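Here is the structure we will look at, set down as structure tokens.
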Amino acid sequence: MIRRILINILAPFLAVLLAFSVGAIVMYILGENPFYVYKILLINSVTSINGWGYVLFNATPLIFSGLAVALAFKGGLFNIGVEGQLYIGAFACAWFGITFNVHPIIGIPMGLIFAMIFGGLWGVIAGYLKARFGAHEVIITIMLNFIAMALTNYLVNNPFKEPGQINPIPQTKELFSGSIIPRVYPLFNKLGINLSPSVPLNYTFFIAIVFCIMIWYLLERTKWGYEIKAVGLNPKASRYGGINPSYIMILVMFLSGALGGLAGVNDVMGYRYRFLDGFSRGTGFTGIAVALLGKSSPIGIVFASILFGVLDRGALAMDVFTNTPRELIRVIQAIIIIFVAIGNEFIFRLLQRLERESE
Amino acid sequence: MAEYILETRGITKHFPGVLANDNVEIKIRQGEIHSIIGENGAGKTTLMNIIYGLIRPDRGEIFYKGKKVEISNPSVAISLGIGMVHQHFMLVPPFTVWENIILGKEVIKRGVLDKDSICLELKKLMDSYGLSVPLEEKVEDLSVGILQKVELIKLLYRGAEILILDEPTALLIPQEIEELFEILENLKRQGKTIIFISHKLKEVLRISDRITVMRRGKVVGELEGKEADEETLARLMIGKTLESPQIEAYERGDEVLRLEGISLPPRLKNINLTLYKKEILGLAGIEGNGQKELLEIITGLLKPEKGKIFYKGREVQHLDPRSLREIGIGFIPEDRQTTGLILDFTVAENIILGRHYKEPYSVGGKLNLPVIKETASNIVKAYDIRTSSVDKNVRFLSGGNQQKVILGREFYSEPEVLIASQPTRGLDIGATEMVHNLLLSARKKGMSVLLYSSDLDEIMTLSDRIAVIYNGEIVGIISPKEVDEATLGLYMTGARKD
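Keeping their order, the protein sequence lines are chains P and C.
Every position in the first sequence, counted from 1, becomes a number in this note's numbering once 408 is added.
Every position in the second sequence, counted from 1, becomes a number in this note's numbering once 765 is added.
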């Protein structure tokens, strides 16, 4: 048991290490000093409080999108549609925020609920089509991504476009203050942590952590989690065990979509205070990588999101201070995913060999 | 020429917590059918996997034709002439038979498969061994019996001298078993050596020239086939004498479950069947005659097109697995790995499957982990499930222990009706005996059992009444005391009908 846990931690760690080594080789070939580049990367992310603030800010939507993918994984579904659910959720909470001028005690929870419900319903479309007609969720969710992006693009360009806007990227008007999730620096400064007001880290990060705990609890401690995992592992045996797989599929896609919807909250309610067309740039897809690296466990997802947050933050610094293109960070991210995929398989076999009882 | 074609000396293999092979010495003569028998976990499969190069032993040597060999992987074994048919077939379902046979040893002409000459060669091969399989058909469309033959031809095509068959009869019906034995005897006449792994004593006695018995990783006996008898073998295998089960006299009780006009064309036609309290009703039939569908309907996995089910005189409204369990029907499914268990769930998680949503396992939606673990530990103890912990994934348990998890789960909730489909398939003597005793003691306590088994011995011994299904119809309900196995066979093949 302990050995299994150890190996499970060791695998992603080794994957990351290997990926960085390969990245170093690439940089060396490009004529950069890898040690210098990595130093720059780390100095601007994890060696200062402000750096950490940016890292956690970057990590926040990834935690949600990683959870969304992981929950679907557990239920045996591959939700590629987090990006679409994110846009729908983001627009839903933006709509609430620009429409209702209420006290934050109502405004913030309602914004979150709007993101969840609309993201969830967007996810349910794929869940229902799979349960009812056997339509493959991968294809449906991919297509729904395009629809969601086009739909929000239309909405933000036409009925909801900010009047008199100069910004070349279309956006809605600003949210009423009641739906704004505040930044954390005032609290941190009170606690004696010297976080600059310019750091956009906001309370959405803590909401994400709470959701991690809730999803862990759901999966490991409730009968619904039991049924979700049962259907994910073996639908036939689940049916025999009195579980209705169709119902579970729909439930899973709702919950996954709701988490996907929440992935849009950080930007809308916690950073820009408006919906900006095409703001996500693949957060939903990165969630797949995060879930994979985090082995679909909520705690693993937090660490994986932070790692990706570091890389994103570091990419900026690399761009500024070195000749290494920031695209290289993307390369490293991809290499990490590849190594984790290999590592997973390798470890699964290793464990099986260790545990298989002799005939 | 050495006396033995294959010999192992001092083979020892440890797995975590288990000594799978302890100083194992076997001697196989050229051209014999040599059975290796033992209970689940006796180390038979481990030994064969070592000989076939799938597992490296911790210690020990293998001699092939008198020479010491290092079999580091299966290709070495194959090139030496050792071939193995695994319990679970290694075939590609959407490929045709001939494609499967040549896989890994393709004959290429100008960059493409030379199908004509391949098929010609295969036909010659089949003729010479008296084997015949449809080369053009897809593997996924064929029955287990034919696939077994495909696996054999695959080995012969690769020039195997020694053929290892791991539990080859586990999934076969009686007719297919007999056919397989004829093939094996034919192969023997042609000079092939056959290692036959089994725990079915009747079969072993029928086919073997010599028999090696293993128990707990050790060789405990080596006998000539002619000298052996069932009792001796059983005693060697399990270390004690088997007793035949005590069966109480049958007395018809009240009606518990009644099927009325159950139809599911074309598989089932107007099935009427009544199960009484305190009885074991056997269901006999050749596979594919509708029994699978019938059992799935009673357990709610399949919806009938017409017909009703009455439980204690009242019609059952919702025919789904959860509702049927709620009213007191337990179910042992035929295929434990795909239907009965969730392999990547732990023993404890599997033990609550089907009742996981109810108290005491769930309280207000929250899983009650201490109770679940305690129940699981009790069941593990009561049913002698060999596992290091209830938190171990069921995948890592042996087949017999997996089945015990299902049995423990179903018996623990004390259902009034138990639908048991092939409950002893693939189990060894000890485990089979345990299942039989469980069924009989449950009956004694007032449970009603609908038992389907392809093992006619089992049906004849345990049942109070036997319903025979043929072509989707119940063609007769007979008493095992008044009818012999041959007559039962007549019903099963549709030659007789009441």
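Positions of the beta carbon are idealized from the N, C-alpha and C atoms, including for glycine.
Computed from a predicted model, the values in this text were never measured in an experiment.
Could you work out which residue in C:Leu1227, C:Lys1246, C:Ser1218 and C:Glu1223 is closest to C:Ile1234 when comparing CA atoms only? C:Ser1218
Return the first residue and the last residue of the alpha helix (DSSP H) that P:Ala539 is part of. Pro512 to Phe541
Any Cβ of chain P within less than 8 Å of the Cβ of C:Ser1186? no
If you draw a straight line from the alpha carbon of P:Asp685 to that of P:Gly461, how long is it in whole angstroms? 25 Å
Strictly below 9 Å CB to CB, what residues from chain P border C:Phe854? Residues of chain P passing the Cβ test: none, with the nearest at roughly 17 Å.
Reducing DSSP to helix, strand and coil, say where C:Leu1029 ends up. strand
Who are the Cβ neighbours of P:Glu767 in its own chain at under 8 Å, not counting the five residues just before and after it? With a pLDDT of 34 at P:Glu767, under the threshold of 50, the modelled position of this residue cannot be trusted; read the value that follows with caution. Closer than 8 Å at Cβ, skipping near neighbours: no residue.
How big is the Cα-Cα spacing for P:Met557 and P:Tyr495? 7 Å
Could you name each continuous beta strand (DSSP E) segment of 3 residues or more that falls completely within the stretch 775–848 of chain C, going from the start of the chain to the end? 783–789, 792–794, 798–802, 824–829 and 832–834
In chain P, which residues lie less than 7 Å from C:Asp1109 when you measure between Cβ atoms? Leu641
Against chain C, does P:Tyr648 count as a neighbour if the rule is that its beta carbon must be under 8 Å from one of theirs? yes
Rounded to the nearest angstrom, what separates C:Ile820 and C:Ile836 at their Cα positions? 9 Å
Alpha carbon to alpha carbon, how far is C:Met766 from C:Phe828? Confidence in C:Met766 is poor, its pLDDT being 49 and thus under 50, which makes the residue's placement unreliable; the coordinate value appears in the next sentence. One C-alpha to the other measures close to 13 Å.
Using 10 angstroms around the beta-carbon of C:Lys1043, count the other beta-carbons present and answer buried if the total reaches 16, otherwise exposed. buried
What would DSSP say about P:Val728, mapped onto helix, strand or coil? helix
Burial state of C:Pro1098, where buried means 16 or more other Cβ atoms lie within 10 Å: buried
Confirm, please, whether the CB-CB distance from C:Val1112 to C:Ile1150 is below 8 Å. yes
For the beta strand (DSSP E) containing C:Arg1160, name the first residue and the last one. C:Arg1160 -> no beta strand (DSSP E), and no H or E assigned at all.
C:Met1225 lies in the alpha helix (DSSP H); which residues open and close that run? Leu1221 to Leu1227
Residue closest to C:Arg1090, alpha-carbon to alpha-carbon, out of C:Ile1184, C:Val789 and C:Leu812: C:Ile1184
Checking contacts by CB at 8 Å: is P:Tyr634 closer than that to chain D? In summary, chain D is missing from the structure at hand, where the protein chains are P and C.
Find the nearest neighbour of P:Phe465 within the set P:Ile709, P:Leu701, P:Phe619 and P:Phe614, judged by alpha-carbon distance. P:Phe614
Span separating the alpha-carbon of C:Gly818 from that of C:Lys1034: 51 Å
Using a C-beta to C-beta distance shorter than 7 Å, which residues of chain C count as neighbours of P:Lys631? His1121, Tyr1122, Ser1127, Gly1130 and Leu1132
Roughly how many angstroms separate the alpha carbons of C:Ala926 and C:Gln1187, rounded to a whole number? Going by the sequence as given, residue 926 of chain C is Glu instead of Ala. Whole-angstrom Cα-Cα distance: 35 Å.
For C:Ser1213, name the three-state secondary structure that DSSP assigns. strand
Examine the Cβ distances between the stretch 932–951 of chain C and the stretch 872–890 of chain C and report whether three or more of them are shorter than 8 Å. no
Whole-Å CB distance - C:Met849 paired with C:Asp931, under 8 Å assumed: 7 Å
Using the Cα positions of C:Arg923 and C:Ser844, report the straight-line distance between them to the nearest angstrom. 8 Å
Measure how close the beta-carbons of C:Ile976 and C:Val969 come, nearest whole angstrom, since I'm counting them as under 8 Å. 6 Å
Less than 8 Å separating the beta-carbons of C:Leu1029 and C:Ile1074? no
For the stretch 609–648 of chain P, list the alpha helix (DSSP H) runs that are entirely contained and at least 4 residues long, ordered along the chain. 612–629, 631–641 and 643–648
Just tell me which of C:Phe860, C:Leu1046 and C:Pro839 has its CA closest to the CA of C:Val1182. C:Leu1046
So P:Lys703 contacts chain C; which residues on that side make the cut at Cβ distance below 9 Å? What P:Lys703 touches in chain C: nothing, since even the nearest Cβ is about 14 Å away.
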